[in-house]
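Using my numbering, the first residue of the sequence shown is number 8, and each one after it goes up by one. See structure below.
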Amino acid sequence: MQEVIEQGCADPTFTGPGFELVAAASAATRVAVQTLLAQDGGYPAADFDLVTLDFRDANSATPTATYTRLPVHPECTICSAASGG
Numbered sequence: 008m009q010e011v012i013e014q015g016c017a018d019p020t021f022t023g024p025g026f027e028l029v030a031a032a033s034a035a036t037r038v039a040v041q042t043l044l045a046q047d048g049g050y051p052a053a054d055f056d057l058v059t060l061d062f063r064d065a066n067s068a069t070p071t072a073t074y075t076r077l078p079v080h081p082e083c084t085i086c087s088a089a090s091g092g
């Protein structure tokens, strides 16, 4: 199995069998559509920056998703302006 790795990043973005790739692609598409249509009222704006999908662990094969809001770096003028800070 070959890992998919974002260029410049040492962490795998997806490892797993092909049948789980469909679920990952569907989740990514939903987030993309939500982001693109949020300003037009098509979808509510996302209240998260990162979605982590877990398709199984050592004890369960129940898929889960964790939604995370990344902290704004205090010296980032772009993030501070976007967050109203």
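In this text, a Cβ means the ideal position worked out from N, Cα and C, and glycines have one as well. From a predicted model like this one, the values you see are computed outputs, not experimental measurements.
Looking at the strands, I want to know which residues DSSP matches up with residue i.
i	result
Thr-71	Asp-61
Residue i by DSSP, collapsed to three states: which one?
i	result
Leu-43	helix
Val-79	coil
Gly-48	coil
Thr-22	coil
Ala-30	helix
Query raised in the report: For the segment 39-55 against the segment 20-31, are there 3 or more C-beta pairs whose distance is under 8 Å?
Result: No, the segment 39-55 is not in contact with the segment 20-31.
Requested in this report: Count the CB pairs spanning the segment 46-54 and the segment 63-71 that are closer than 8 Å, and state whether there are at least three.
Outcome: No, because fewer than three Cβ pairs between the segment 46-54 and the segment 63-71 fall closer than 8 Å, the two stretches do not touch.
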